[in-house]
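First up is the structure itself, then whatever we jot down about it.
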Amino acid sequence: MDKEIENFVEHSDFVLPGIIIFLLVFWSSFFLFGFSVFKISTGLSNFLFDRYILFKYTLNYQEKATLEYKIPFYRNLSLPLKRKFECNVKYFIRKKIFEGRDNFVVTAEVKLLVAAAASQISFGHFPTIYEHFRKIVIYPDKYFSGTTQRYHLGEVQSNGVIKLSWAAFTEGIRVKNDGVHVGFHEMAHALKIEDSTLHDMEHCFMDKTALNEFHKYSSERIKSHIDEGFLREYAFTNSEEFFAVTIEYFFEMPNELKRNEPRVFEYLKQILKLDPLNHQNPVLK
Numbered sequence: 000m001d002k003e004i005e006n007f008v009e010h011s012d013f014v015l016p017g018i019i020i021f022l023l024v025f026w027s028s029f030f031l032f033g034f035s036v037f038k039i040s041t042g043l044s045n046f047l048f049d050r051y052i053l054f055k056y057t058l059n060y061q062e063k064a065t066l067e068y069k070i071p072f073y074r075n076l077s078l079p080l081k082r083k084f085e086c087n088v089k090y091f092i093r094k095k096i097f098e099g100r101d102n103f104v105v106t107a108e109v110k111l112l113v114a115a116a117a118s119q120i121s122f123g124h125f126p127t128i129y130e131h132f133r134k135i136v137i138y139p140d141k142y143f144s145g146t147t148q149r150y151h152l153g154e155v156q157s158n159g160v161i162k163l164s165w166a167a168f169t170e171g172i173r174v175k176n177d178g179v180h181v182g183f184h185e186m187a188h189a190l191k192i193e194d195s196t197l198h199d200m201e202h203c204f205m206d207k208t209a210l211n212e213f214h215k216y217s218s219e220r221i222k223s224h225i226d227e228g229f230l231r232e233y234a235f236t237n238s239e240e241f242f243a244v245t246i247e248y249f250f251e252m253p254n255e256l257k258r259n260e261p262r263v264f265e266y267l268k269q270i271l272k273l274d275p276l277n278h279q280n281p282v283l284k
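Anchor point for the sequence shown: position 82 equals 81 in my numbering, and the numbering is continuous, going up by one each time.
In structure tokens, the structure reads:
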């Protein structure tokens, strides 16, 4: 019997090609089907999770009124997007430890406004709570950093801590059109770290092509920078600071950023999946 099979294989022109074709079809079908199942199951789990947190995390009337009064981004959203924003804010608050330093008292409003800043710049990637960052430390004013040996208004540490000066943070909320908002700035750094932290569930959500092009362009802008222009000088410290500073402008002065730095504006739209000029429906599909 073995000899008959051996003779059949040796004298058949179609057996080997047939086996190869069969294996190619089999594995192609397996990978295609497996990937489809993965995509469907992932999409379904994300959909169910979104519905779950939308049901579970809600703000009370006073919290909504505070956002309505102090956060223009929230105030202008359509009703369905307002509900999503509220959910993300509450979800963020529940998952973080807030700590006051130098006798600063962390109130419910402090938590709400910090969470709103974080939620605003990450809103195109809903839900995002910066899970790598466990603790938010707040000082009443600028503070001295033992790490850098200088005074700071904010700081993002790779060990999962975000530090903020409350005086600087509230000034950013009060003055809405100067391109300076320490909350957006530090949360931009945190969001970038979150995107690249592979051991967290939240990662690789930014458009990598747009992000790479942004950093290529920012490096060119920094090298060629000579005198004062539209962006403040701190943006030209390095590419990471260019990213954080331009995000401040993106939300506080979007028209001016688009006019003066159109490429930056378009890159940030793709990276954040947001168009701040579309007030009611800023989330890009």
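Quick reminder that beta carbons are idealized off the backbone N, C-alpha and C, glycines included.
In this structure, residue 231 places its C-beta atom within 9 Å of the C-beta atom of residue 178. A Cβ-Cβ distance of about 7 Å is found for the pair residue 93 and residue 56, placing them in contact under the 8 Å criterion.
In the DSSP assignment, residue 99 falls within the beta strand (DSSP E) that extends over 96-99.
In this structure, the CA atom of residue 73 is about 30 Å from the CA atom of residue 158. In the displayed model, residue 132 falls within coil according to three-state DSSP, outside both helix and strand. In the structure shown, residue 269 adopts helical secondary structure according to DSSP, grouped into three states.
Per the coordinates, the alpha-carbon of residue 161 lies some 19 Å from the alpha-carbon of residue 126. Contact between the segment 117-126 and the segment 179-195 is present, with at least three C-beta pairs closer than 8 Å.
For residue 148, no beta strand (DSSP E) run applies, since DSSP gives it neither H nor E.
Shown here for residue 65: same chain residues with a beta carbon closer than 8 Å to its own, the five before and five after excluded, namely 108, 111, 112 in chain order. Sequence-distant partners of residue 210 (beyond 5 residues in either direction) whose C-beta falls short of 7 Å from its own C-beta, in its chain, are 270. Annotation for residue 156: no alpha helix (DSSP H) segment contains it, though the beta strand (DSSP E) segment containing it runs 153-156. Assignment of residue 105 by DSSP, reduced to helix, strand and coil, places it in the coil class. Put simply, the backbone Cα of residue 282 is about 9 Å away from that of residue 80. The beta carbon of residue 243 lies closer than 7 Å to those of 184, 187, 188 in the same chain, with the five residues before and after it left out. Here the alpha carbons of residue 249 and residue 150 stand approximately 26 Å from one another. DSSP links residue 164 through a beta bridge to 138.
Counting only the Cα atoms, residue 174 lies some 9 Å from residue 251. Rounded to the nearest whole angstrom, the CA to CA distance from residue 276 to residue 104 is 36 Å.
When the beta-carbon positions are compared, residue 115 and residue 128 stay at least 9 Å from each other. Between the C-alpha atoms of residue 212 and residue 264 there is a straight-line separation of about 12 Å. DSSP, read as helix, strand or coil, puts residue 179 in coil. Residue range 71-74 is occupied by the alpha helix (DSSP H) that includes residue 72.
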